[in-house]
Amino acid sequence: MKTRILLVEDDERLAKLTAEYLRKNDFEVLIEQRGNTAEARILAERPDLVILDVMLPGKDGFEVCRGVRSQYGGVILMLTARDEDFDQILGLELGADDYIAKPVQPRLLLARIKALLRRSPVTSGSAASENPAPSEPAELAFGRFRISQGTRSTHLGDDAIDLTTAEFDLLWLLARHAGSILSRDDLLQELRGIGFDGLDRSIDARISRLRRKLGDDPENPTRIKTVRGKGYLFSKHDWQ
1 MKTRILLVED DERLAKLTAE YLRKNDFEVL IEQRGNTAEA RILAERPDLV
51 ILDVMLPGKD GFEVCRGVRS QYGGVILMLT ARDEDFDQIL GLELGADDYI
101 AKPVQPRLLL ARIKALLRRS PVTSGSAASE NPAPSEPAEL AFGRFRISQG
151 TRSTHLGDDA IDLTTAEFDL LWLLARHAGS ILSRDDLLQE LRGIGFDGLD
201 RSIDARISRL RRKLGDDPEN PTRIKTVRGK GYLFSKHDWQ
C-alpha cells in the first residue's frame, strides 16, 4: 500500500503542484484547505503523515496540531512562510515532528518526508518498523527508565511516556550515548542530516519537552543536562 499523506494547504495552486509532485514519487496524497475541518479528517482518515501549513482559514496550523496530537500518532510536518524562531519553536512545543520554511523546494520536501517516515513506527514500510541493526541495542535501561527501539516505547517506572516520533528519536540518541556530551551539531546531523547554523532552536525545544515529560527539573535538570558551550548529556544516573 502507498503511504498516505494529508496536505493541509489553503493555496489551491500550490497544493495541486505539491500533491502532483508527491504522487509522481509514489505517495497517495489527499488535500484539505481549511484548518477547521482538518482536525476531523486527520482523526478519521489517519494518514501516515500530515503536511500542515501554519496559515489556514478557520483554524491555524498550531491549533490543528494541538487539537490532534494527543490522539494522532502519525508524523506532522509543519510548513511556515514566516521564517521566525517563534513559529518553529511553537510548532515543536505543540508536538510537530519537524518544520520547514516556505517556499520549499520540492526535492527538499520529499527528502524531509522520507527521513521522517523512515523513523516513524506508523508507516509499515519505514525503517523504524524493521529490527534495529545488530550492533545497536534494542532496549536501554537506567534505573527506573527504559526505552525500547524495537517497540518505540518509553517507560519511567510503570508509567508509559507518550512521545512524538521526533522526541523519541532524540531521546533514543541521547540515551544511546549516555554519559557523553552531544553537541547541537551532532544531534542535528544525526536526526535531520543538517549541521547547526547557530540559529536552529528545534533541539532546544525538544529537550525542553522531554524534560517536562520525564519529570526533570527545568531550572536544575539532572537527567538531561545542559553542558554550557558544548551540548547535552543524558545521565546514566538520577533515574531512581
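Take 1 as the starting number for the sequence shown in full-length UniProt numbering and just add one per residue. For glycine and all other residues, C-beta sits at the position ideal for the given N, C-alpha and C.
Three-state class that DSSP yields for residue i in the structure shown
i: residue 54; result: coil
i: residue 165; result: helix
i: residue 152; result: coil
i: residue 222; result: coil
i: residue 107; result: helix
i: residue 112; result: helix
i: residue 4; result: strand
i: residue 146; result: strand
i: residue 94; result: coil
Cβ distance (whole Å) where residue i is taken to contact residue j below 8 Å
i: residue 226; j: residue 238; result: In fact, because the Cβ distance is near 14 Å, the residues do not count as touching under 8 Å.
i: residue 236; j: residue 183; result: With a Cβ gap of about 19 Å, residue 236 and residue 183 do not count as contacting.
i: residue 100; j: residue 79; result: 6 Å
i: residue 216; j: residue 166; result: That pair is no contact at about 18 Å.
i: residue 77; j: residue 112; result: 7 Å
i: residue 51; j: residue 5; result: 6 Å
i: residue 180; j: residue 233; result: 7 Å
i: residue 9; j: residue 18; result: 7 Å
i: residue 74; j: residue 47; result: 6 Å
i: residue 108; j: residue 171; result: The pair is not a contact, with the Cβ atoms about 26 Å apart (cut-off 8 Å).
i: residue 3; j: residue 28; result: 7 Å
i: residue 66; j: residue 92; result: Going by Cβ atoms, the distance from residue 66 to residue 92 rounds to 12 Å, so no, they are not a contact pair.
Residue i, enclosing alpha helix (DSSP H) - first and last residue
i: residue 180; result: No alpha helix (DSSP H) holds residue 180; DSSP gives it neither H nor E.
i: residue 67; result: 61–68
i: residue 40; result: 35–45
i: residue 19; result: 12–24
N-terminal and C-terminal residue of the beta strand (DSSP E) that residue i is part of
i: residue 205; result: Counting along the chain, residue 205 falls outside any beta strand (DSSP E), though it belongs to the alpha helix (DSSP H) covering 202–213.
i: residue 80; result: 75–80
i: residue 157; result: No beta strand (DSSP E) contains residue 157, which DSSP labels as neither H nor E.
i: residue 142; result: 139–142
i: residue 30; result: 28–32
i: residue 243; result: There is simply no residue 243 to check, as the chain begins at 1 and stops at 240 in what is shown.
Residue j beta carbon less than 8 Å from that of residue i
i: residue 38; j: residue 32; result: yes
i: residue 54; j: residue 60; result: yes
i: residue 214; j: residue 203; result: no
i: residue 58; j: residue 25; result: no
i: residue 56; j: residue 23; result: no
i: residue 142; j: residue 178; result: yes
i: residue 174; j: residue 190; result: no
i: residue 168; j: residue 152; result: yes
i: residue 30; j: residue 7; result: yes
i: residue 144; j: residue 240; result: yes
i: residue 160; j: residue 150; result: no
Minimum Cβ-Cβ distance from residue i to chain B less than 8 Å
i: residue 1; result: The structure shown contains no chain B; it is built from a single protein chain.
Distance cut-off 7 Å: residue i Cβ against heavy atoms of the ligand GTP
i: residue 118; result: The ligand GTP is not part of the structure shown, which contains no ligands of any sort.
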